[in-house]
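Numbering (this note's numbering), first residue to last: 1 to 363. Just so you know, even glycine gets a beta-carbon here, dropped at the ideal spot from N, CA and C.
Structural data, given as structure tokens:
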């Protein structure tokens, strides 16, 4: 097992490097980078761009201020010296290959640099946003599995019954409604959108969080998460429910189950001592992908609707603003976390079925 874990960790290195290479050069080829954006803002007399350039210090700040204060001069174009200084500020005075190698060398030390537009380090931004995304992703995944697995097993045992038909209808209807649309409905009904205001609509905790007791803090935390988690769970557990059901039905019809029943074992003993560990392999394999999807991408609109400032919103805003340090820093972290979670997902196979031996796999 140790040898398998070491091999998987070593394979993460070229995988991570390849993902970063592809995304880096795709982004470099896209128009409208930070240099073009800053030049356009200076020509348009944008105060925000001028203040950021001025914040860079030295001759660049003075040149930017001079250029933005003279509209006639800006309309005729910027001096080449200023353009070169802007490129140097953003690191574009070097060729792409050299920039990529410098970036990856820093990333190996988890030094992601500083945001172009937020005047903060990328790692600090990630730390600030991580609690929101972890809260959303973790509880959504746990609740989805806690609902889907028992429901899928119950549907498999009662396949074709009224219970199976009605629960399938409810699950399909819930799945067909987009999560963000259900979130809007919850806001309208329960967050002061026209009916009652039982739940808050902003943030992960209340303003008086520090003054609450431990029980009060826990209650306040889940009070703020109730609506966004409900919106995500409703639209996310349908596939897992049917996957669990189909996996159990396939195993129930196999010969070893017939033999177990012939030996006089009870229904629960057959299901949970024999069928469960075989049927759950497919379900367990989807945990890392589900968690990563909810953590970093699936909750973007939910974060916007409920004013939750998480990693999904951070990544979206950095892509729109061409904030390359945040874009690549978060991509590096997301990819690394995803690879580690995939390894953990493989290792959980052993917890479900100890007969699996990774040491005998051929590579």
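Simplified DSSP assignment, three categories, for residue i
i: residue 279; result: helix
i: residue 87; result: helix
i: residue 319; result: helix
i: residue 373; result: One cannot answer for residue 373 here, as it falls past the ends of the chain, which runs 1 to 363.
i: residue 263; result: coil
i: residue 94; result: coil
i: residue 330; result: helix
i: residue 347; result: helix
Residue i burial status per 10 Å Cβ neighbour count (16 or more: buried)
i: residue 194; result: exposed
i: residue 256; result: exposed
i: residue 112; result: buried
i: residue 272; result: exposed
i: residue 67; result: Confidence at residue 67 is low in this model, with a pLDDT of 35, below 50, so the placement of that residue is unreliable and no value is reported for it.
i: residue 165; result: exposed
i: residue 18; result: exposed
i: residue 11; result: exposed
i: residue 86; result: buried
i: residue 228; result: buried
i: residue 34; result: buried
i: residue 314; result: buried
i: residue 50; result: Bear in mind that a pLDDT of 40 at residue 50, under 50, signals an unreliable position, so the number given afterwards is only what the model happens to contain. Buried: at least 16 other Cβ atoms inside 10 Å.
i: residue 196; result: exposed
i: residue 263; result: exposed
i: residue 32; result: exposed
i: residue 98; result: exposed
i: residue 335; result: buried
i: residue 163; result: exposed
Contacting residues, own chain, Cβ-Cβ under 6 Å from residue i (five flanking each side not counted)
i: residue 323; result: 115, 116, 117
i: residue 27; result: none
i: residue 343; result: 8
i: residue 93; result: 87
i: residue 326; result: 115, 122, 318
i: residue 384; result: Here the chain has residues from 1 to 363 only, and residue 384 is not among them.
i: residue 100; result: 24
Limits of the unbroken alpha helix (DSSP H) element including residue i
i: residue 122; result: 122 to 157
i: residue 197; result: Neither: residue 197 is in no alpha helix (DSSP H) and is coded neither H nor E.
i: residue 224; result: 214 to 234
i: residue 239; result: 238 to 252
i: residue 7; result: 2 to 29
i: residue 172; result: 162 to 176
i: residue 180; result: 179 to 190
Residues of its chain near residue i, where Cβ-Cβ distance is below 8 Å and the 5 sequence neighbours each way are ignored
i: residue 178; result: 235
i: residue 249; result: 156, 159
Contact test: residue i Cβ vs the ligand SAM heavy atom, cutoff 6 Å
i: residue 185; result: Here there are no bound small molecules, and the ligand SAM is not part of this structure.
Spatial neighbours of residue i in its chain, beta-carbon cut-off 7 Å, leaving aside the 5 residues before and after
i: residue 174; result: 234, 235, 238
i: residue 393; result: Residue 393 cannot be examined here, being either before or after the span of the chain that is shown, 1 to 363.
i: residue 274; result: 256, 257, 260
i: residue 230; result: 186
i: residue 13; result: none
Rounded Cβ spacing between residue i and residue j (contact assumed at less than 8 Å)
i: residue 21; j: residue 308; result: Wrong, their Cβ atoms sit about 32 Å apart, outside the cutoff.
i: residue 16; j: residue 339; result: 7 Å
i: residue 167; j: residue 151; result: 7 Å
i: residue 201; j: residue 187; result: 6 Å
i: residue 225; j: residue 144; result: In fact, because the Cβ distance is near 14 Å, the residues do not count as touching under 8 Å.
i: residue 149; j: residue 283; result: 7 Å
i: residue 287; j: residue 345; result: 5 Å
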